[in-house]
Amino acid sequence: MGLLRRDLLLAARRSSDVVSVLFFFIIAASLFPLGVGADPALLRAVAPGVLWVAALLSTMLSLGRLFAADLADGTLEQMLLSPQPLVMTVAIKTLAHWLVSGVPLVFLAPVLGLQFDLAGREIAVLTVSLLLGTPVLSLIGAIGAALTLGVRGGNVLVAVLVLPLYIPVLIFGAGAVTASAAGLNAQAGLSLVGAMLALSVVFAPYAAAAALRIAME
Amino acid sequence: MLTARELRCERGDRALFTDLNFALEAGTLLHVQGANGSGKTSLLRMLCGLTTPASGQILWDGDDIRELREDYASQLTYIGHHPAVKDDLSALENVCISQLLAGQPVSREQALEALAAVGLKNQANLPSRVLSQGQRRRVALARLWLCNKPLWVLDEPYNTLDVNAVVLLQRHIETHLGRGGMAVLTTHQEPGIAAKLVRTLRLSA
């Protein structure tokens, strides 16, 4: 728990990093109405995809911070040498990453949804899909961040590595919103995103911890 | 007791050292000597379990450290080249957090005492960003005044420290050895510890 507090404290001391990622999300999502024109029907149709892709990209941006700073100042060595299992440490750091860069997206998305003329029900589904989906993004991202740790050009590599793995979350997360807009039941999509969350909570910290050990060799 | 058996370390396709053996008993210090690039840091990281030797074994009280893992980690304090001090946190917060990572949480008062012991009483609440290199190293070393783990692995602990701090640290290491602790350290200076407690290991590249 102390470790979670440490990560949140560090994020608070470096709030500009956090805020710039949020602004990226707002700006990226707001560029689309300007680009495709102000046809409400068209905007409603593209909204789920656009908001989800913007969420993926802004999560990507903040992945670099997850382990790189701790590697540079030697804290990561201490984490590996801690009597606390590394898997726990990784899980806590990933939770902190989600609280700092995922949760704000969940709160911002409804506001941006209004910009795309989404109806109340779709906004609700969008929010729930992001609430279930953004932790998956952080968890899968942690594996990518750990694998590319200390590699030159790691930031680009992590995008190439992680974005394909985000595809299922994108399809079912955005699909749930589209389904609800078409008057269908959104539950199938949401359940699948929930299932991905359950799977990644169990397996991703182990994979990321193993990748960290390899990176520190 | 820390034992190394036929250790071999490779960097790329070059062997840094081969067939390295030693045994370190309670109350003694191992001084690892060698030119730059002879594998001192690699050996220390190996002894901590951060890297795996190309061949050979490291035993802690007769058990392979790769099998002990977290149990071994709870016996060991490692202070490496990078002091693991966060710029954005104060000296006090840094000490509290590194103790937390080491599995031995301390109260604010205990952390303050340790900082006072290393001469940073008045800097305890300053962000580490404004501390000098030597002061940051003192923050890292404050951990040695808090933890009671038997094995200390110190990579160039005297670097960037002033003369007084070096003496202070040397006396503290002697106290630790006197309590039956063990230490492995690399330094290009004299270790400054009573000669009868020191074992020397020379790595030749």
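Protein chains in written order, with the numbering used here: chain H, 1 to 217; chain Z, 218 to 422. Built from N, CA and C at the ideal position, the CB exists for glycine as well.
Less than 7 Å separating the beta-carbons of residue i and residue j?
i      : j      : result
T418/Z : L247/Z : Note on identity: in this sequence residue 418/Z is Leu, with Thr being the wrong assignment. A contact, by the Cβ cut-off of 7 Å.
S180/H : V136/H : no
Y295/Z : L81/H  : yes
P220/Z : L293/Z : First, the amino acid is wrong: residue 220/Z is Thr here, not Pro. Cβ atoms of T220/Z and L293/Z: not closer than 7 Å.
V90/H  : A210/H : no
L175/Z : V323/Z : Look at the range of chain Z in this structure, 218 to 422, and you will see that residue 175/Z is not part of it.
A319/Z : G74/H  : no
W52/H  : L170/H : yes
V125/H : A174/H : no
L394/Z : L414/Z : yes
T403/Z : Y375/Z : no
A28/H  : A54/H  : yes
M263/Z : E242/Z : no
F234/Z : L420/Z : yes
V87/H  : P205/H : yes
F32/H  : V18/H  : no
L212/H : A159/H : no
D117/H : L42/H  : no
L99/H  : L197/H : no
R5/H   : D305/Z : no
Distance, Cα to Cα, residue i vs residue j?
i      : j      : result
L95/H  : Q327/Z : 29 Å
T268/Z : P110/H : 48 Å
T59/H  : N381/Z : 48 Å
N339/Z : V356/Z : 12 Å
T127/H : H299/Z : 42 Å
Q321/Z : P48/H  : 48 Å
S424/Z : R325/Z : Here chain Z comprises residues numbered 218 to 422, so residue 424/Z is not present and cannot be evaluated.
S30/H  : L112/H : 8 Å
S345/Z : E77/H  : 19 Å
L130/H : R152/H : 32 Å
G244/Z : T392/Z : 10 Å
L34/H  : L317/Z : 50 Å
K366/Z : S291/Z : 7 Å
M79/H  : E373/Z : 20 Å
G256/Z : R228/Z : 9 Å
G194/H : F172/H : 10 Å
L105/H : L8/H   : 17 Å
G336/Z : Q387/Z : 15 Å
G266/Z : R286/Z : 8 Å
S62/H  : G2/H   : 22 Å
G273/Z : I167/H : 44 Å
L56/H  : L66/H  : 16 Å
E330/Z : P85/H  : 29 Å
I123/H : V156/H : 32 Å
L261/Z : D70/H  : 20 Å
T134/H : A188/H : 18 Å
A333/Z : V401/Z : 25 Å
V249/Z : A68/H  : 30 Å
A119/H : F107/H : 16 Å
Q406/Z : A412/Z : 14 Å
A240/Z : V103/H : 52 Å
Within 10 angstroms of the Cβ of residue i, are there 16 or more other Cβ atoms? Answer buried if so, exposed if not.
i      : result
M399/Z : buried
E310/Z : buried
P40/H  : exposed
K93/H  : buried
A359/Z : buried
S20/H  : exposed
E223/Z : exposed
L283/Z : Looking at the sequence itself, residue 283/Z is Arg, so the reference to Leu does not match. By the 10 Å Cβ count, R283/Z comes out exposed.
G254/Z : exposed
Q352/Z : buried
T220/H : Any answer about residue 220/H is impossible in this case: the structure gives chain H only from 1 up to 217.
S16/H  : exposed
S191/H : exposed
G397/Z : exposed
L184/H : exposed
R354/Z : buried
According to DSSP, residue i sits in a beta bridge with which residue or residues?
i      : result
A240/Z : T220/Z
L276/Z : T220/Z, D281/Z
T294/Z : W369/Z
H248/Z : L402/Z, T417/Z
E227/Z : A232/Z
S307/Z : P344/Z
Taking CB distances under 7 Å as the criterion, tell me whether residue i reaches chain C.
i     : result
M60/H : In the displayed structure, chain C is absent; the protein chains listed are H and Z.
Segments assigned beta strand (DSSP E), at least 3 residues, entirely inside the segment 342-409 of chain Z: 368-372, 399-403
Beta strand (DSSP E) runs wholly inside the segment 97-157 of chain H, at least 3 long, in chain order: none
Complete runs of the beta strand (DSSP E) confined to the segment 32-86 of chain H [at least 3 residues]: Correct list: empty.
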